[in-house]
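Chains A and B are the protein sequences, given in the same order.
Read in the numbering used here, the first sequence has 31 at position 22, and its numbers run on one by one without any break.
Read in the numbering used here, the second sequence has 35 at position 52, and its numbers run on one by one without any break.
Glycine included, C-beta positions come from ideal geometry on N, C-alpha and C.
Every value quoted in this text rests on a predicted model; they were computed, and no experiment measured them.
A short write-up of the structure that comes next.
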Amino acid sequence: MTKAIVTVGCFIMSLLFAADAHAQSIQGNIKDSTGKAVPFANVSLKAVTGLIISYTISKADGGYVLRVPADAVKGDLSVMVSCVGFNKQSKAVTELATPLNFILSPSVSQLKTVTVRPNQPWLHTSGDTLSYKVSDFSNPQDRVIGDVIKKMPGIAVAADGKISYNGKAISNVYIGGDNLLDDKYNIATNTVPHGVVDQVQVIENNQPIKMLQDKVVSDDVALNLTIKKDAKLQMVGQESVGAGLPGNYDMDLNAMMFKDKYKAINYIKGNNTGYDVQNDLVSHNLGNYLQRLNNDKPATILSLGTVNDPDLPQNRYLFDQSGIINLNNLVTIKKGEQLRVNFSYLHDTQRQDYKQQTQIFLPGDTIRYNETQANKFRPDILHSQFTLNINKDKYYLNDALIMDYSHKNAYSSLITNGIPVNQVLKDNLLDFSNEFNLMQPVKSNILEVYSYINHTNEPESRTIGPDFNPALFDHGAPYSQLQQTANVPTWFTNDYVAFKIPTDHVTQTYKAGFILQSQKLSSSLNAIQVDNTSALVSDSSVNRLNWSREKVYAEAGYDVPGKILKIALSLPVSVQQIHYSDSFYDLDKSLTRLYFNPQLRIKYQTGVENYFSFLYNYRNDIGNIQDVYRGGILRDYRTLYANNADLTESKDQLAALGFNYHKALTLFFFSINTSYNHITANNIASSIITNNLQQRVVLPFPNTIDSWAVSGYISKYSFALHTTFSGGAQWMSNHSNQILNRTLLPFNTLATTLNAGAETKVSNQVTFSYKAILNQTSSHSSAANSSYSVKQLVQQAAVNYNPVTDLLFRLSGDDYLTYRQHTNDLKYFFADASIKYKFSKPKVDVELSAVNFLNVKNYSSQFLSANTFTASSYALPGRIALLKLLFNI
Amino acid sequence: MKKHLLLLAILSPLVFSVMAQQPDVANTLVHYKFSHLRDTTKPNEPYKENMMLMIGKKATAYKSYDRRLADLQVKKQIQEQLAANGGNGNIRIQRRNGGSGTEYYMFPNENKFVRKEKLINNYIIDEPYPAIAWKITNDTVSFAGLHCQKATTHFKGRDYTAWFCPDIPVHGGPWKLSGLPGLILEAYDAKKEVVFSFDGIEDLTKTTTAKTATDLQPVRPEGMVKMIGFDDAEQDPRLIQIPSDGIKTTQKEFLKLQEAMRKDPDAFMQSAMAGNGANMNSKGNQTHVKMVINTPVENNPVELPEKK
């Protein structure tokens, strides 16, 4: 009996131990097809991501015991067995306790043949960072890092330099981990030589503020350029000086530093070859920045009303004489303490020559108009920014002092049917702002203080004359000039105090603050007589409008910065009061509104390399000062504009869902995003034209706008073809109501964009690139016959050939096809060629290039509607031959 | 003279064939670029060498690829000159930097790890089979289209990062780094002073037509000059075999030999070649030049003592 008890006890004990062992390991044995044990086989435990999380080697009897790590997600595991001479085999783990036995089949080839080609790209992933090795994607014709970035699979670069990674626009380009340029990263991509960059890293969920890392969710994607060791030691510069025919020049002198403690990109550039240096100063995330500040800066009011630019890339039509000095310097005083100065000054003279013929067919008569425009734009743009940034684990301070000044003169000489109209527009903008942000720990919590102040002043004035439409503007009498002035000086401030309480899984934020905006819109339209006296054109051509907006807000925010699930929820409540008055028009109105503008962002990681994202946003919008002025402003020579309505209030709901997938090992990327936007407004704004005055009126129809958008992006590097293939599709549908002929009509606009591209390295001597973009826009109303449709196909191709290392040829072309209803098709083809020789002593490259060598000198388009035919034509720069010297310092 | 006798006494009883393992045939050759910062006072001048890992069915061998190329070059020069002067006259040999003579043989199925050192003769040293406790991480990378996963460890005084390829089910890797469920394609220590970087894979199954290992046994034609100092220049380059003329020794004894060579290279050469059946009579040679061996500064060996 005792024996039996002992036996049973032992049995129970052994069961318990066995159960314990099974909870942490998987057992089994491995045999070949003849039943013989297979020793020394690899036995790997794989997670759902396909990554090995534990491994062992089978024993002499073919048995194995595989440890299961404690943090492994059960249910998605599989065991893979591989051994030289056998085909590998995988089995899903259903129950840890069940033995997993394998019978391997012999493989014919013992090891798979791997032919290695030199310079095959590799990507390295580590957590949220994905690294591209620059040398894998560069070729001898590349000059700057931007040339290489656009060839990397998963990364797309738009015409204006905007970079997106797997369909999402990036927030910043860091240089060696430092923020030198904010979102003006074109400066870096257009200047930094690719040879100094070791890797381009994509950082997802980038939270630049150290104190908030792992506490506050960020879905920003940033790029970082890691600098090679030897390039950190001394100054780097890539200089080019060129001269050409007819009378062209092009130079780019730069000096850069990439030391750990000092980073700088300084340069002087100038050209008259159609490359607009203003492109370097584009702020790619300006919209996000202004939305974050909640600052609704007044827009420029006056313009020359000149024609639009031709539907071509800018470098094909721009006549410029531009120069820029751009200085960007960042000094790290101590670890985590940085001082930065960004300064730029730009001067340009742009010209535009345009001709248009219009024929209007009336019963029994045809009216002909001839219009020529010679326009000149002369901007001087000065920007300076001082930034102090202290970014430490326990302290954060950022202060950015920004001053912008621009002085823009524009001239237009317009001849309509032989009558000259000369316009001079002066626009001087002064914009000053300071943004202060401090975060300090209070016990285990974080106290944040934020203050932003901004002042803008933009006096604008435009003169037209002599004798422009005297019937309307000077009671029919001849006069010297018509002068319109306008200015909206604005003070704005946004201040808040926030308290963040981080706990294990959630960070709570409570915020309270206020916004003040004070504006005054003053404008007058005067007729200046021959004797230099001036008088108001009419008693309604003046504005003295005061505007104030006060907002008090409180916000609760919740961040869940999990590894799998990230949630950011913000729940702001605000009380807003707007008051505007203009005693001249007996206007004195105020309104008070309580708004709740919640936002929810969710990111769910379905795997290491793929995730779903969701966004919901509800926002209340209200119009601004430019929707309420009552006096007429001659915005351009054709449009005298005034408002006769109250503010439009709208509610904007946005929901977006996206899926993002990449597989770094195979260099495969794809993403799909959908969004739905529903806007309801309390009224519908329309313009009515009465006695040459265009007036904004509001009609009490509730208006809704619904738009749907779907976009997809795919990119893959083919190892076999040494080619990066990429493609994208966008589809957008927009339903809105428009007032047409005094009736409300539902309108539907459809826009589709398809693009495809390939970047290939045919051999070490030859590289080839091709890109095609197809745009299609159509709009129609269900209640009217009129519809409109445009199709445009843009194709770009380039081939590089370097028969020997010192000699490089390049041939490229771009082709533009436009199909429009009721007009003839437009076909334009431009071709460029260049030849470059690298001298070794002295180390200078000489490049001879012919831009637009087919000498296309004119862009013209025709438009035919029911009773109107217009033919317009623009002068283009034509062929430019340029000889450039390129050298490094 | 006394020293010579001592050396002979050490060497002669150890001369016997080491034939414990059946020769294996490599079907794959993996190339690595090896970089080692031997002298930390010159951080920009690491020692560089092209290495290769021969992978067979049951064994792997890790040796210098530069040395193999240099040996082939010398062999070619000798054969050309022998053919030119009919076996008479002087042979001039130009040998470029030959690479290291150290080789590592690994027999995972027998848990056996052998190092071969070259000091005129081949010395065979049994080493403990490297049992490395790797920590596998989630980082991945692709080298030339081969998917790799990252593993880290502390081994022989350094913190190593290794990238292994689960698609190649070989436990080996460069040097002593091994034991992962896939071939190690790249490895480096935290300071990047010791770097093994992947430089390609060659499939050897298609290069020659020999079928079995026995077909590849070295065949030495009668009357052929025995060339001392060449390892596998005469045998099939695919053969994985511990040199049959290897002298089995221990690490301690080998260090003694190295020290003896450093102190008196002449005497060492004499005794070593005597042990190998060759003779070099320095007394009868009027143009004898005193041998000087320039050992480069090495203050940073690959294997560092563990800090306690």
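Please go through the same chain and pick out, in chain order, the residues whose beta-carbon is closer than 7 angstroms to the beta-carbon of residue i, but skip the five residues on each side of it.
i: residue 48 of chain B; result: 14, 33, 34, 35
i: residue 118 of chain B; result: 134, 135, 136
i: residue 175 of chain A; result: 163, 669, 671, 678, 680, 722
i: residue 24 of chain A; result: In this predicted model, residue 24 of chain A has a pLDDT of only 44, less than 50, meaning its place in the structure is not dependable enough to derive any value.
i: residue 38 of chain B; result: 9, 10, 11, 13, 153, 155
Mind checking which residues open and close the beta strand (DSSP E) that includes residue i?
i: residue 46 of chain B; result: 43 to 47
i: residue 429 of chain A; result: 428 to 451
i: residue 138 of chain B; result: 129 to 138
Report the option in the options whose CA atom is closest to the CA atom of residue i.
i: residue 257 of chain A; options: A:859, A:897, A:503, A:56; result: A:859
i: residue 207 of chain A; options: A:184, A:661, A:635, A:46; result: A:184
i: residue 235 of chain A; options: A:212, A:534, A:228, A:821; result: A:212
i: residue 605 of chain A; options: A:599, A:628, A:615, A:598; result: A:628
i: residue 663 of chain A; options: A:388, A:688, A:657, A:643; result: A:688
i: residue 61 of chain A; options: B:123, B:60, B:53; result: B:123
i: residue 7 of chain A; options: A:271, A:270, A:288; result: This structure cannot settle anything about residue 7 of chain A, because the visible part of chain A is limited to 10 through 898.
i: residue 395 of chain A; options: A:433, A:442, A:364, A:426; result: A:442
i: residue 920 of chain A; options: A:529, A:780, A:548, A:500; result: Nothing about residue 920 of chain A can be read from this structure; chain A reaches only from 10 to 898.
Can you list, in chain order, the residues of its chain whose CB lies under 6 angstroms from that of residue i, leaving out five sequence neighbours each side?
i: residue 704 of chain A; result: 651, 653, 697
i: residue 758 of chain A; result: 743, 788
i: residue 205 of chain B; result: Below a pLDDT of 50, predicted positions are generally treated as unreliable, and residue 205 of chain B, at 38, falls in that range; the measurement from the model is reported next regardless. Closer than 6 angstroms at the Cβ level, and outside the excluded window around residue 205 of chain B, lies no residue.
i: residue 821 of chain A; result: 807, 841
i: residue 568 of chain A; result: 225, 226, 516, 577
i: residue 520 of chain A; result: 505, 507, 564
i: residue 424 of chain A; result: 381
i: residue 108 of chain A; result: 36, 37
i: residue 818 of chain A; result: 810, 844
i: residue 461 of chain A; result: 302, 444, 503
i: residue 741 of chain A; result: 718, 760
How long is the line joining the alpha carbons of residue i and residue j, rounded to whole angstroms?
i: residue 30 of chain B; j: residue 285 of chain A; result: 49 angstroms
i: residue 87 of chain A; j: residue 100 of chain A; result: 5 angstroms
i: residue 451 of chain A; j: residue 510 of chain A; result: 10 angstroms
i: residue 552 of chain A; j: residue 823 of chain A; result: 49 angstroms
i: residue 498 of chain A; j: residue 311 of chain A; result: 15 angstroms
i: residue 169 of chain A; j: residue 834 of chain A; result: 26 angstroms
i: residue 143 of chain B; j: residue 335 of chain A; result: 44 angstroms
i: residue 116 of chain A; j: residue 168 of chain B; result: 23 angstroms
i: residue 201 of chain B; j: residue 63 of chain B; result: Low confidence applies to residue 201 of chain B: its pLDDT is 41, below 50, so where it sits in the model is not reliable, and the reading given next is rough at best. Roughly 21 angstroms separates the two Cα atoms.
i: residue 148 of chain B; j: residue 55 of chain A; result: 14 angstroms
At which residues does the alpha helix (DSSP H) containing residue i begin and terminate?
i: residue 301 of chain A; result: 295 to 302
i: residue 636 of chain A; result: Where residue 636 of chain A is concerned, there is no enclosing alpha helix (DSSP H), given that its DSSP letter is neither H nor E.
i: residue 143 of chain A; result: 143 to 146
i: residue 21 of chain B; result: Neither: residue 21 of chain B is in no alpha helix (DSSP H) and is coded neither H nor E.
i: residue 804 of chain A; result: Counting along the chain, residue 804 of chain A falls outside any alpha helix (DSSP H), though it belongs to the beta strand (DSSP E) covering 796 to 813.
i: residue 195 of chain A; result: 195 to 198
i: residue 479 of chain A; result: 479 to 482
Leaving out the 5 sequence neighbours to the left and right, which residues in its chain are closer than 8 angstroms to residue i when beta-carbon positions are compared?
i: residue 207 of chain B; result: Because residue 207 of chain B sits at a pLDDT of 43, beneath the cut-off of 50, its placement in the model cannot be relied upon, and the following sentence gives the value as read from the coordinates. If we look at residue 207 of chain B and ignore the five residues flanking it on each side, it has no Cβ neighbours.
i: residue 774 of chain A; result: 810, 811, 812
i: residue 9 of chain A; result: Nothing in the structure corresponds to residue 9 of chain A, since chain A is present only between 10 and 898.
i: residue 399 of chain A; result: 345, 346, 347, 405, 406, 407
i: residue 70 of chain A; result: 38, 46, 48
Taking 8 angstroms as the cut-off, does the CB of residue i come closer than this to any heavy atom belonging to the ligand NAD?
i: residue 867 of chain A; result: The ligand NAD is not among the ligands present in this structure, which contains no ligands whatsoever.
Tell me which residues of the stretch 90 to 101 of chain A have at least one Cβ-Cβ distance to chain B shorter than 8 angstroms, keeping chain order. Going along the stretch 90 to 101 of chain A in chain order, one finds 91, 92, 93, 94, 97 with a Cβ nearer than 8 angstroms to chain B.
Contact set between the stretch 92 to 116 of chain B and chain A, restricted to residues whose Cβ is under 7 angstroms from the partner: Correct list: 92.
Compile a chain-ordered list of the residues in the stretch 24 to 46 of chain B whose CB is closer than 8 angstroms to at least one CB of chain A. Going along the stretch 24 to 46 of chain B in chain order, one finds 38, 40 with a Cβ nearer than 8 angstroms to chain A.
Closer than 8 angstroms between beta carbons: that is the criterion. Which residues of the stretch 42 to 57 of chain A meet it against chain B? For the stretch 42 to 57 of chain A, which is checked against every Cβ of chain B, the residues closer than 8 angstroms are 48, 49, 50, 51, 52, 53.
Give, in chain order, every residue of the stretch 721 to 747 of chain A whose Cβ lies closer than 7 angstroms to some Cβ of chain B. Here the close residues are 728.
Closer than 7 angstroms, Cβ to any Cβ of chain B: which residues of the stretch 503 to 521 of chain A, in chain order? The residues in question: there are none.
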